[in-house]
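Down below is the structure, laid out as structure tokens.
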Amino acid sequence: DAGITQSPRHKVTETGTPVTLRCHQTENHRYMYWYRQDPGHGLRLIHYSYGVKDTDKGEVSDGYSVSRSKTEDFLLTLESATSSQTSVYFCAIRALAGRLNEQFFGPGTRLTVL
Amino acid sequence: AQSVTQPDIHITVSEGASLELRCNYSYGATPYLFWYVQSPGQGLQLLLKYFSGDTLVQGIKGFEAEFKRSQSSFNLRKPSVHWSDAAEYFCAVGADNNAGNMLTFGGGTRLMVKP
């Protein structure tokens, strides 16, 4: 358990509404990631952060933005949700030196956009 | 760019039978390789990892994987499958010289276990 929580765990929303998902960690990890999981695609990286206010895009970043104003929280925002963003969203952290590149995942948020 | 292919989308094995899940990767340098397992409705749990050294790595729950550079493969094996092993398995590749230390995942293999 890497001390990662995600909220909400489930959300149903309507097309065009803004949605924010929160990832919270308790172990002061520098790197945090947001992935989406869709059948047949595995996990695909949306955005990642390498420190407070330091973020960068991943493979599928269109339609998403992120913010990290403090170490423990990494927020993912869908400015105007679309049905194609219905997915399960996972947050991850990268463990510290000694376990290079090893990522640990939160429990996930299931988002349904109607 | 790095990529991972898991050729088998679904696999069904009988309880007690052996298991091998295939993973092929594409990466220009020495990769870091991982296998994760996801039970229904759950997050991902790390089964095992390869960074360097011995090419046969042991993981949790009786799983092992072998890194074969010549074949660009990192197949997951278990000698005797238990019903509780039914889950989805993901192979992933990463490196310490890519920006953000990102992982690239395969599409997953769903394992079903027959009694």
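Keeping their order, the protein sequence lines are chains A and B.
In this text, residue positions in the first sequence follow our numbering: the first is 1, and each later residue adds one.
In this text, residue positions in the second sequence follow our numbering: the first is 1001, and each later residue adds one.
Quick reminder that beta carbons are idealized off the backbone N, C-alpha and C, glycines included.
Since we're looking at a predicted model, the values are computed, not measured.
Buried or exposed (CB count within 10 angstroms, at least 16 for buried), residue i
| i | result |
| --- | --- |
| residue 12 (chain A) | exposed |
| residue 14 (chain A) | exposed |
| residue 1083 (chain B) | exposed |
| residue 4 (chain A) | buried |
| residue 42 (chain A) | buried |
| residue 1049 (chain B) | buried |
| residue 118 (chain A) | Residue coverage of chain A in this structure runs from 1 to 114, which leaves residue 118 (chain A) outside it and unanswerable. |
| residue 26 (chain A) | exposed |
| residue 32 (chain A) | buried |
| residue 1065 (chain B) | buried |
| residue 46 (chain A) | buried |
| residue 1055 (chain B) | exposed |
| residue 7 (chain A) | exposed |
Interface flag, residue i vs chain B, CB-CB below 8 angstroms
| i | result |
| --- | --- |
| residue 63 (chain A) | no |
| residue 8 (chain A) | no |
| residue 103 (chain A) | yes |
| residue 90 (chain A) | yes |
| residue 51 (chain A) | no |
| residue 108 (chain A) | yes |
| residue 76 (chain A) | no |
| residue 21 (chain A) | no |
| residue 16 (chain A) | no |
| residue 58 (chain A) | yes |
| residue 45 (chain A) | yes |
Simplified DSSP assignment, three categories, for residue i
| i | result |
| --- | --- |
| residue 28 (chain A) | coil |
| residue 1062 (chain B) | helix |
| residue 1039 (chain B) | coil |
| residue 49 (chain A) | strand |
| residue 85 (chain A) | helix |
| residue 1069 (chain B) | helix |
| residue 1080 (chain B) | coil |
| residue 54 (chain A) | strand |
| residue 62 (chain A) | coil |
| residue 73 (chain A) | strand |
| residue 1054 (chain B) | coil |
| residue 1008 (chain B) | coil |
Chain A contact for residue i (CB, 8 angstroms cutoff)
| i | result |
| --- | --- |
| residue 1074 (chain B) | no |
| residue 1112 (chain B) | no |
| residue 1067 (chain B) | no |
| residue 1056 (chain B) | no |
| residue 1106 (chain B) | yes |
| residue 1103 (chain B) | yes |
Along the region 1021–1051 of chain B, what residues have a CB closer than 9 angstroms to any CB found in chain A? 1032, 1034, 1036, 1038, 1041, 1042, 1043, 1044, 1045, 1046, 1049 and 1051
Check distances from the C-beta atoms of the region 31–42 of chain A to those of chain B and list, in chain order, the residues that come in under 7 angstroms. 31, 40, 41 and 42
Would you check if there are 3 or more beta carbon pairs closer than 8 angstroms linking the region 1011–1021 of chain B to the region 1076–1093 of chain B? yes
Does the region 75–94 of chain A come close enough to the region 1019–1030 of chain B to have 3 or more Cβ pairs within less than 8 angstroms? no
Any chance the region 1038–1058 of chain B sits against the region 101–109 of chain A, with 3 or more Cβ pairs inside 8 angstroms? yes
Quick one, which residues of the region 1079–1093 of chain B are near chain A if we go by CB-CB under 7 angstroms, in chain order? 1090
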